[in-house]
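Step one of this worksheet: look at the structure below.
2 protein chains.
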Amino acid sequence: MEQDVFRLHYEATQARVEEALREQIGRMGRYADLREAMEYSLMAGGKRIRPVLVLESCRMCGGDPETALPFACAVEMIHTYSLIHDDLPAMDDDELRRGRPTNHMVYGEATAILAGDGLLTAAFQALTQADLTAQQRVDAVACLSLAAGPEGMVGGQAMDMAGEGRSLTRSELEQLQSLKTGALIAAAAELGCIAAGGSPEQREAVRRYAQCLGRAFQVQDDILDVTSTDEELGKPTGSDREKEKNTFVSLLGLERSRELVEELTAQAVAALDGFSSRDFLVWLANTLAQRTK
Amino acid sequence: MEQDVFRLHYEATQARVEEALREQIGRMGRYADLREAMEYSLMAGGKRIRPVLVLESCRMCGGDPETALPFACAVEMIHTYSLIHDDLPAMDDDELRRGRPTNHMVYGEATAILAGDGLLTAAFQALTQADLTAQQRVDAVACLSLAAGPEGMVGGQAMDMAGEGRSLTRSELEQLQSLKTGALIAAAAELGCIAAGGSPEQREAVRRYAQCLGRAFQVQDDILDVTSTDEELGKPTGSDREKEKNTFVSLLGLERSRELVEELTAQAVAALDGFSSRDFLVWLANTLAQRTK
């Protein structure tokens, strides 16, 4: 019963995010097929975990989630651009994403590169549009640019490209993933706290929660790549092995990977000890750990 | 004699920009060959017109150029990322830039894409690091993201890609160029004014100056592509015609294009009427109009 309430709340929050993203898209890129290409990937569904994390972190830190909506959109725009560029022939060369042809398969490589560049740039514009103080907005820009840039997500992707075809140690793989996916998930939680005007201690706590959540999410992703069917996942399974990608499953085996997801989820939940209204984010961590797609 | 003074000042300002860019690079991207790839293109010289424009616009509006240095770096990082992505095989497919192999020729396509993404993201981080008020920094993020994004530079590049192989009208070409190159040059001048705490009227005036300067610069670029030698230009001349690029020369002819450069330069200079210390930027407009490379 309680589970249903959280599930419904998640869906309602997703719907609010979809609406806000649609408004963002409406503002940008009237030229050639650029807007259509950005919209194709941005509105392709997905779990919207990062923007939901922004909004719920904001709520938990005592803020009004509505004020954090531009921050939530910005994070999802960054995430979407990274998928578009990662799928390019020069990168992972993927033809399917969420069960649909990838951006460059539909719009061509040039437009896909530009759609990514456009979403990345527009994300920072979205941050400036929040109805918050200038200090909060500039803190958000600093936080998101650090997480998404050469010292964060882009750095992780560069490590990933360089590491293909050779075996990584566990600590190398953990560093790679903490940059490639963890940094942006942590930034999402921090952005919510910034929007709420939270304390440095709150920001540190939600960051720790999100870091553990992000790591658990990545390990679970690696597990699903070998245990799920193509149809469940919306993309070809087994692709990690085929590309000789370094994964937690290839490094630790399936059983140890499953234990790791549980451990990390418990750590994520523990990080929220100091918050009175943490129930939704606790549920989210547990739910993501048990997901099958 | 006076010309020499301005020339020396330009060179000193360029040197200050180089130094600040090197500091920026030192902060980012320790992973794989990402920093090296970003540095390769960012430190490849060039005229540094945009960052010089930031600093000199700041000075003319009554500010201290030193405070505008992070803004100047940010604009040059955006400009550099756009060159890296524009040169990619899926875009203009250029092998030479400023007399050296393009980024992807040296580091491969994947790293070149990531180096561009990294510079674009780090540019916004640089804006947040300026020793200015939060309001000034957030104004700078809003200004630069608008100019560089889907409604500005990226939109222009999308138009350019879509227009290849067919003839554009003059007004289409002007719109394309005002987005593709003009928006960022205008933003450079505006960022200087923001750093100086200039008035809305000052901001509008420097914007008009830079828009005219940017248009003149582009027309002159088109002229040099047909009149210069490969060696002078540091890249193959005649490449516009070879790729059936729409240029002002192909549209208006050489003589009318030269007149247009003069007209636009005069308009740029006229926009500065209200400023007492406008001499350097007047010289800059005239010097760029007469450049041979």
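Respectively, the protein sequence lines represent chains A and B.
Residues 4 to 296 (the working numbering) are what the first sequence spells out, left to right.
Residues 4 to 296 (the working numbering) are what the second sequence spells out, left to right.
All C-beta atoms, glycine included, are put in the ideal place defined by N, C-alpha and C.
Computed from a predicted model, the values in this text were never measured in an experiment.
Helix, strand or coil: how does DSSP classify ARG51/B here?
Secondary structure at ARG51/B: coil, using DSSP grouped into helix, strand and coil.
With distances taken from CA atoms, which of PRO54/A, ASP36/A, TYR34/A is nearest LEU24/A?
If you compare the alpha carbons of PRO54/A, ASP36/A, TYR34/A with that of LEU24/A, the shortest gap goes to PRO54/A.
Have a look at ARG140/B and VAL222/A and give me their C-alpha separation to the nearest angstrom.
When rounded, the distance between both Cα atoms is 38 Å.
Please work out which residues of its chain come closer than 6 Å, Cβ to Cβ, to GLU59/A, disregarding the five sequence neighbours upstream and downstream, and give them in chain order.
If we look at GLU59/A and ignore the five residues flanking it on each side, its Cβ neighbours are PHE283, LEU284.
With DSSP as the reference, label PRO153/A as helix, strand or coil.
Reduced to three states, the DSSP call for PRO153/A is coil.
According to DSSP, is PRO73/A helix, strand or coil?
The answer is helix: DSSP assigns PRO73/A an H, G or I state.
Against chain A, does LEU117/B count as a neighbour if the rule is that its beta carbon must be under 8 Å from one of theirs?
Any Cβ of chain A closer than 8 Å to the Cβ of LEU117/B would place that residue at the interface, and such an atom is present.
What residues in its chain sit with their C-beta under 8 Å from that of ASP96/A, if we drop five residues either side in the sequence?
Cβ neighbours of ASP96/A beyond the five flanking positions: ASP90.
Through-space distance from LEU123/A to LYS183/B, alpha-carbon basis:
The straight-line gap from Cα to Cα measures roughly 17 Å.
Please return the same chain residues whose Cβ sits closer than 7 Å to the Cβ of ALA192/B, not counting the five positions on each side in sequence.
LEU56, SER60, VAL209, ARG210, TYR212, ALA213.
Per-residue DSSP class, three states only, for ARG103/A:
Strand at ARG103/A.
By the 10 Å Cβ neighbour count, where 16 or more other Cβ atoms means buried, how is VAL172/A classified, buried or exposed?
Per the sequence shown, residue 172/A should be read as Thr rather than Val. By the 10 Å Cβ count, THR172/A comes out exposed.
Nearest neighbour of GLU262/B, chosen from PHE9/B, ARG218/B, GLN205/B, SER85/B [CA to CA]
Cα-wise, what sits closest to GLU262/B is ARG218/B.
Mind checking the stretch 266-285 of chain B against chain A and listing, in chain order, the residues whose C-beta falls within less than 9 Å of any C-beta there?
Against chain A - using a Cβ distance shorter than 9 Å - the stretch 266-285 of chain B contributes no residues.
When you compare the CB of MET46/B with every CB in chain A, is at least one pair closer than 8 Å?
No, MET46/B does not count as interfacial toward chain A.
When the cut-off is 8 Å and only beta carbons count, does PRO153/A lie next to chain B?
Among the CB atoms of chain B, one or more fall inside 8 Å of the CB of PRO153/A.
Can you tell which of ALA118/B, GLN128/B, GLY166/B has the C-alpha that lies nearest to the C-alpha of GLN160/A?
Cα-wise, what sits closest to GLN160/A is ALA118/B.
Taking the continuous alpha helix (DSSP H) assigned at TYR13/B, which residues delimit it?
Where TYR13/B is concerned, the enclosing alpha helix (DSSP H) starts and stops at 5-29.
What are the boundary residues of the alpha helix (DSSP H) that includes PHE127/B?
Annotation for PHE127/B: the continuous alpha helix (DSSP H) segment containing it runs 112-131.
Residue of ALA113/A, ALA126/A, PRO68/A, ALA273/A minimising C-alpha distance to ASP36/A:
When only C-alpha atoms are compared, the closest one is ALA113/A.
Alpha-carbon spacing of THR286/B relative to CYS64/B, whole angstroms:
Per the sequence shown, the amino acid found at residue 286/B is Trp instead of Thr. Near 17 Å, if we compare the C-alpha coordinates of CYS64/B and TRP286/B.
Let me check understanding here. Comparing Cα to Cα, which of GLN132/A, LYS50/A, SER174/A, LEU86/A lies closest to PHE74/A?
Looking at the Cα atoms, GLN132/A is the closest of the given residues.
Can we say the stretch 153-167 of chain B touches the stretch 99-114 of chain B, given the rule of at least three CB pairs closer than 8 Å?
Flag = no, the stretch 153-167 of chain B and the stretch 99-114 of chain B do not touch.
I need the boundaries of the alpha helix (DSSP H) containing ASN289/B, first residue and last residue.
DSSP places ASN289/B inside the alpha helix (DSSP H), whose first and last residues are 282-292.
Which residues, in order along the stretch 93-125 of chain A, keep a beta-carbon less than 7 Å from a beta-carbon of chain B?
Correct list: ALA93, MET94, GLU112, ALA113, THR114, ILE116, LEU117, ASP120, GLY121, LEU123, THR124, ALA125.
Do we get a CB-CB distance below 8 Å when we pair LEU37/A with the residues of chain E?
Of the protein chains in the structure, A and B, none is chain E.
Of the listed residues ALA273/B, ARG169/B, THR268/B, nearest to LEU254/B (C-alpha basis)
Closest option to LEU254/B, Cα to Cα, is ARG169/B.
Whole-Å CB distance - GLN27/B paired with ALA129/B, under 8 Å assumed
6 Å between Cβ atoms; contact.
To test your reading of the DSSP string, which unbroken alpha helix (DSSP H) runs of 4 or more residues are found completely within the stretch 194-269 of chain A?
Correct list: 203-230, 233-236, 242-245, 251-255.
Within 8 Å (strictly less), CB to CB, does TYR34/A reach chain B?
Interface residue, yes.
Beta-carbon gap between ILE226/A and SER260/A smaller than 8 Å:
Yes. Within cutoff.
For the alpha helix (DSSP H) that contains GLU42/A, what are its first and last residues?
Secondary structure note for GLU42/A: its alpha helix (DSSP H) is the uninterrupted segment 37-45.
Between which two residues does the alpha helix (DSSP H) holding LEU176/B run?
Per DSSP, LEU176/B belongs to the alpha helix (DSSP H) from 173-180.
Near-chain A residues of the stretch 66-92 of chain B - C-beta to any C-beta below 9 Å
Listed by position, the residues of the stretch 66-92 of chain B near chain A (Cβ gap below 9 Å) are ILE81, TYR84, SER85, HIS88, LEU91, PRO92.
In or out: ARG206/A buried (at least 16 other Cβ within 10 Å) or exposed?
Buried, because 16 or more other Cβ atoms sit within 10 Å of the Cβ of ARG206/A.
In its own chain, which residues sit with a C-beta less than 7 Å from the C-beta of GLN270/B, not counting the 5 before and 5 after it?
Spatial neighbours of GLN270/B in its own chain (CB-CB distance under 7 Å, excluding positions within 5 residues in sequence) are listed in chain order as CYS215.
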